[in-house]
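A.B. asks: In the numbering used here, the protein residues as written are 26 to 200. We put the CB at the ideal spot given by N, CA and C, even for glycine. All figures in this text were calculated on a predicted structure; none of them were measured in a lab.
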Amino acid sequence: MGIFSVRPRTLAASAFPALAVALTLGLSAGPAAPQGGGQADGRSADEIRRFCGNIVDAARDRRYAMQEAELKKLQQDVDDRLKRLEEKRAEYEGWVTRRERFMAQAQQGVVQIYSKMRPDAAAAQLSQLRAEMAASILMKLDTRVASVILNEMDKNAAATLTTIMVSAARPEDKS
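(1) Whole angstroms are fine: how far does the CA of Asp-86 sit from the CA of Ser-69?
(2) Tell me whether the beta-carbon of Met-178 lies closer than 8 angstroms to the beta-carbon of Ala-131.
(3) Tell me whether the segment 164-183 and the segment 136-143 touch, counting them as touching only if at least three CB pairs, one residue from each stretch, are closer than 8 angstroms.
(4) Just how far apart, CA to CA, sit Gly-55 and Gln-92?
(5) What is the DSSP secondary structure of Arg-143, counted as helix, strand or coil?
(6) Checking contacts by CB at 8 angstroms: is Val-135 closer than that to chain C?
(7) Quick check on Leu-99: does DSSP put it in helix, strand or coil?
(8) Tell me whether the segment 118-126 and the segment 153-160 touch, counting them as touching only if at least three CB pairs, one residue from each stretch, are closer than 8 angstroms.
(9) What is the DSSP secondary structure of Leu-154, reduced to helix, strand or coil?
(10) Just to confirm, are Val-191 and Ile-162 a CB contact at a threshold of 8 angstroms?
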């Protein structure tokens, strides 16, 4: 079989160019190379050089093909992940839109409820809510109804709500 006792196809594809260079430069093939000179060694070395020279392009092509396949697989993986991410984004946008629509309807319903309540009962209920929520409801009420409700509230709670409402109504400072 020659200098090598290993079949060339069991070597890694990247080993062939290095082996061809080593043989071309006349370096030893390693411990498996027979010691001593002779025509058989020269002929075997020529055969090895020709073999390695013949398969260098094929090994390089195979290595490129494997790298290209790996890159295609990675690109497909990235594309799949982007597609799933886009689907999730669209799903979340749908949920947010539905939630906002529901909240707008619910808020309008709550405003109507407070507008029809007795002022003292509405004041008691609003004082139990978070200040931002209560101020939001009061801002959407008719000004006469809101003023009567604020009149029924504790002066500190009414002052807090009024401060929030004024801050929300103030035009933005563009400086």
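C.D. replies: With the structure as the only source:
(1) 26 angstroms
(2) no
(3) yes
(4) Because the pLDDT of Gly-55 is 46, which lies under 50, any placement of that residue in the model is unreliable, and the number read from its coordinates should be weighed accordingly. Approximately 30 angstroms between the Cα atoms of the pair.
(5) coil
(6) Looking at the structure shown, chain C is missing, and only one protein chain is on hand.
(7) helix
(8) no
(9) coil
(10) no
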